[in-house]
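To keep things clear, I will list the structure first and then write my remarks on it.
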C-alpha cells in the first residue's frame, strides 16, 4: 500500500466535469516526493477524507471557495504523520490533522495543521465524528437549528457522516428525529443502530407519504444537505417558525442547468414568509472556527460514553479515491468515507 | 363625513378575488350601530390603516392568519374613540388603537385595545411610523437584518410605510442605504427627503443595471417586502453572509399560479448555501409583540428629533377604502395609506 518515500503519487483534476464526474476527470501522477525547505514540514498522509463539498471545487462556478485549477492536486483533509520538519513547532513523528490533499506526501508551512494525540487509537475519527463532519453537525443543528425538546427534527442523507451525528445530537436534546435515507439497509441502520424514531426511504415511490406519516406534527428543524426531490417533500411539512440549516445540496451538485418549470422560487419565499421560517447557509470553519474546542469537548465525551455512534466506510488505497468519490455523489457509500493511503 | 350614530357602515368581503381585487369583491352594507353589552366597549373608528397583508386575508390559501369568511367585515387596524363603555378599564372619550375593521363602529371586549394619549396631536401615526409599520421596520431590520456600520442595506418599496422607516433606521446605524421604488417622484423623495444614498427605479428598463451601479460593494442586508422581478435583480448582488428579513411579497399577492420555468427554487437554495445567507420570514406582533415598548421609546424619540420622517397618504371617507386598497397593491399610494373615517 505504501509507496517508496521517493515517489509521491498525486491525484489531480484532469478536466472539469459537466454533470457527474467520471474517472476521466481525474489523473494519477507520480512525482518525486517533495523536500521541506526552511520553515516547512514534510507530511505522510495516512487517511484522506472524501466529502461532497469537493465536487464544488472541481467546477469554476462561483461558490464559497476558490475553484481548483485543472492540473491541481485534488484538495482534501488528511490525517498525516510528520516525516521530517524544518519548522520549530513540529517534529518527526507528530500526528496531525492537515489539508494534505489526494496524495502520498504534502509540504506544509504549519498553517492549518492541528496536533492530534500521537497515540490516538483511531486517528481517522479526526476526519469524521471528531472532525469537520461532526463539527458541521454540531454547530448547524445547535446554533442554527436550535432544537427544542419535543420538536420534530428531520435529517436528509441520514446515514451520512454529518447527518448521522445531527440526528443523534437531536435525540440527545429530546427531539423526535426522522431520517431520510436511500434504501432499506440505510433506513434500518438509522433506526436500529442510531436510534432515530423513524426513517423515510427517498428511493421508495411513496417517499412523500412515508415522510408525512413519520412527521404527524410537522417539521420544526430540517437539516438540509441534499436538496432536489427530498426538499420538495419536506417543504409542505415545515411548521411555523421552522429552522432550516443549509449545509449542502448534494442532489444538485451534478446539475448542468436549472430544472424545468414552473418557477418555485417565489413559492419558497412565500413559504418562508407565511410560516416565518429561518433558512440559513453556513460553512463550518469560516463561520464557527472559534468554537471548535467547545465542539471537541462535547463530542469527545459523547463518543467516549457511546452516546454518539459512527460508521466509517474505509476505502483502501489512494488510487481508489476517484471511484469512491464518484460513488459517494450517487449515495453508494455507507458511513463516513475515508481513504486509507498508508499504514502508519 | 360622519354618519348618524344609529347607522354603522361596513365594508365586507363580497367574494374572494382570484388575482387582483376589484371593486366587485367588496360590498358596502349599512347596519344598525351595535350596542355594547356587559364588559364591552363601543368604538367610533376615526382612522383605518390599509396594509398589504389584508390581501392575504381575502384568500383562503394557507397563510399566517385565518382567512376572512365571505361576508365578514374587512379587517384592519384603527384609531378609535370610545363612545360608551360597559368595561371597567375604559371610559367614554378614551383614544385607543384597535383592530376595528373597515366600518364606522366596532364593539370590543377590551382585548387588543391599546390606550393612546387622548390629546395626541396626530393620532393616525399610531397606524404608521409609531405603530405596526414602524415596529415591523424596527424589528425586521435590527433583529434579523443586524446592519453594521458601512454595510449596504437595500430596501424595496422604499417610499412605503414600513420600508421608508427601514432605510432611515439603517442610515442612523451608519449604513449605506439604497432604495428601490417605482418612478422618478418616489425615487426623488427617497433620496432627497429621506436621505437614502441612492434609489433604483424598478419601472425603468435598466432597473437591474441601476441597482448594480448603486451597490458596487454588493448587498449586505436586503429588506424584502416585494418579491418578483425586484428580488430577481437583488439575488445576484447579495454578499456572503447577507441577511434577508422577509416582511412581505406584495408583487406576488395577486398571482394566481406559479410563473413559468425554469425552476429556480434550487438556485435560491444554492445561493443561500454558498453565500451563507440568512433568509427569515417574520410576523411582527406574533414574533416580537413583547418588544413593542422598546420600539416605541426609540422611535418616539427619533420622530420627535426629526431623525425619522414619515409621509401619510390620507384618503377621505370609508366608502373610498376599497379603491385606495386596490391602488396600493398597484403601488399607486405614496406614503402610509390611511383612511379618515370620521372627524374626531
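Residue numbers (this note's numbering), protein chains in the order written: chain A, 581 to 924; chain B, 581 to 924.
Glycine included, every Cβ here is placed at the ideal spot set by N, Cα and C.
Small disclaimer: the values here were computed from a predicted structure and weren't measured.
Beta-carbon separation (whole angstroms), residue i vs residue j, contact threshold 8 angstroms
| i | j | result |
| --- | --- | --- |
| residue 761 of chain A | residue 727 of chain A | With a Cβ gap of about 20 angstroms, residue 761 of chain A and residue 727 of chain A do not count as contacting. |
| residue 827 of chain B | residue 883 of chain B | 20 angstroms between Cβ atoms; not a contact. |
| residue 591 of chain B | residue 670 of chain B | No, residue 591 of chain B and residue 670 of chain B are not in contact; Cβ-Cβ is about 25 angstroms, not under 8 angstroms. |
| residue 846 of chain A | residue 818 of chain A | That belief does not hold up - the Cβ atoms of residue 846 of chain A and residue 818 of chain A are roughly 16 angstroms apart, past 8 angstroms. |
| residue 688 of chain A | residue 621 of chain A | 5 angstroms |
| residue 659 of chain B | residue 677 of chain B | 6 angstroms |
| residue 680 of chain A | residue 721 of chain A | About 28 angstroms separates the two Cβ atoms, so there is no contact after all. |
| residue 608 of chain A | residue 921 of chain A | About 13 angstroms separates the two Cβ atoms, so there is no contact after all. |
| residue 632 of chain A | residue 909 of chain A | 7 angstroms |
| residue 843 of chain B | residue 843 of chain A | 6 angstroms |
| residue 626 of chain B | residue 596 of chain B | Contact flag wrong, Cβ pair sits at about 29 angstroms. |
Residue i versus residue j: straight-line alpha-carbon distance, rounded
| i | j | result |
| --- | --- | --- |
| residue 857 of chain B | residue 857 of chain A | 13 angstroms |
| residue 739 of chain B | residue 917 of chain B | 11 angstroms |
| residue 605 of chain A | residue 594 of chain A | 5 angstroms |
| residue 675 of chain B | residue 901 of chain B | 22 angstroms |
| residue 873 of chain B | residue 715 of chain B | 10 angstroms |
| residue 614 of chain A | residue 686 of chain A | 7 angstroms |
| residue 787 of chain B | residue 793 of chain B | 10 angstroms |
| residue 890 of chain A | residue 651 of chain A | 34 angstroms |
| residue 855 of chain B | residue 822 of chain B | 8 angstroms |
| residue 976 of chain B | residue 790 of chain A | The first residue shown for chain B is 581 and the last is 924, placing residue 976 of chain B beyond what the model contains. |
| residue 905 of chain A | residue 806 of chain A | 16 angstroms |
| residue 808 of chain A | residue 831 of chain A | 6 angstroms |
| residue 852 of chain B | residue 646 of chain A | 17 angstroms |
| residue 903 of chain B | residue 803 of chain A | 45 angstroms |
| residue 923 of chain B | residue 734 of chain A | 55 angstroms |
| residue 899 of chain B | residue 653 of chain B | 13 angstroms |
| residue 869 of chain B | residue 848 of chain A | 26 angstroms |
| residue 638 of chain A | residue 887 of chain A | 36 angstroms |
Buried versus exposed call for residue i [16 or more other C-beta atoms within 10 Å across all chains shown]
| i | result |
| --- | --- |
| residue 912 of chain B | exposed |
| residue 640 of chain A | exposed |
| residue 582 of chain A | Because the pLDDT of residue 582 of chain A is 44, which lies under 50, any placement of that residue in the model is unreliable, and the number read from its coordinates should be weighed accordingly. Label assigned to residue 582 of chain A: exposed. |
| residue 785 of chain A | exposed |
| residue 736 of chain A | buried |
| residue 598 of chain A | exposed |
| residue 602 of chain A | exposed |
| residue 810 of chain B | buried |
| residue 885 of chain A | exposed |
| residue 840 of chain B | exposed |
| residue 616 of chain A | buried |
| residue 672 of chain A | exposed |
| residue 706 of chain B | buried |
| residue 850 of chain B | buried |
Nonlocal neighbours in the same chain, by C-beta distance under 8 angstroms from residue i, ignoring five residues either side
| i | result |
| --- | --- |
| residue 907 of chain A | 913 |
| residue 710 of chain B | 876, 879, 880, 883 |
| residue 612 of chain B | 586, 587, 588 |
| residue 770 of chain B | 738, 739, 744, 747, 759, 761, 776, 779 |
| residue 897 of chain B | 581, 919, 920, 921 |
| residue 835 of chain A | 599 |
| residue 867 of chain A | 719 |
| residue 656 of chain B | 628, 629, 630, 631, 634, 679, 680, 681, 682 |
| residue 619 of chain B | 666, 667, 689, 690 |
Beta-carbon contacts of residue i that lie in its chain and below 6 angstroms, excluding the five residues immediately before and after
| i | result |
| --- | --- |
| residue 717 of chain A | 742, 745, 746 |
| residue 732 of chain A | 756, 795, 797, 799, 800 |
| residue 833 of chain B | 635 |
| residue 692 of chain B | 679 |
| residue 895 of chain A | 904, 919 |
| residue 814 of chain B | 802 |
| residue 663 of chain B | 622, 624 |
| residue 610 of chain A | 587, 589 |
| residue 648 of chain B | 593, 637 |
Contact set for residue i: own chain, Cβ-Cβ below 7 angstroms, skip 5 residues either direction
| i | result |
| --- | --- |
| residue 754 of chain B | 729, 730 |
| residue 584 of chain B | For residue 584 of chain B, the predicted model reports a pLDDT of 46, less than 50, meaning its position is unreliable; a value from the coordinates is still stated below. There are no such residues. |
| residue 892 of chain B | 704, 708, 915, 916, 918 |
| residue 934 of chain B | As displayed, chain B neither begins before 581 nor continues past 924, which places residue 934 of chain B out of reach and without an answer. |
| residue 774 of chain A | 744, 747, 748, 889 |
| residue 820 of chain B | 855, 856 |
Segment contact flag, the segment 766 to 774 of chain B with the segment 696 to 707 of chain B, C-beta cutoff 8 angstroms, min 3 pairs: Contact between the segment 766 to 774 of chain B and the segment 696 to 707 of chain B is absent, because fewer than three Cβ pairs lie under 8 angstroms.
Cβ pair count under 8 angstroms reaching 3, the segment 861 to 872 of chain A against the segment 657 to 673 of chain A: no
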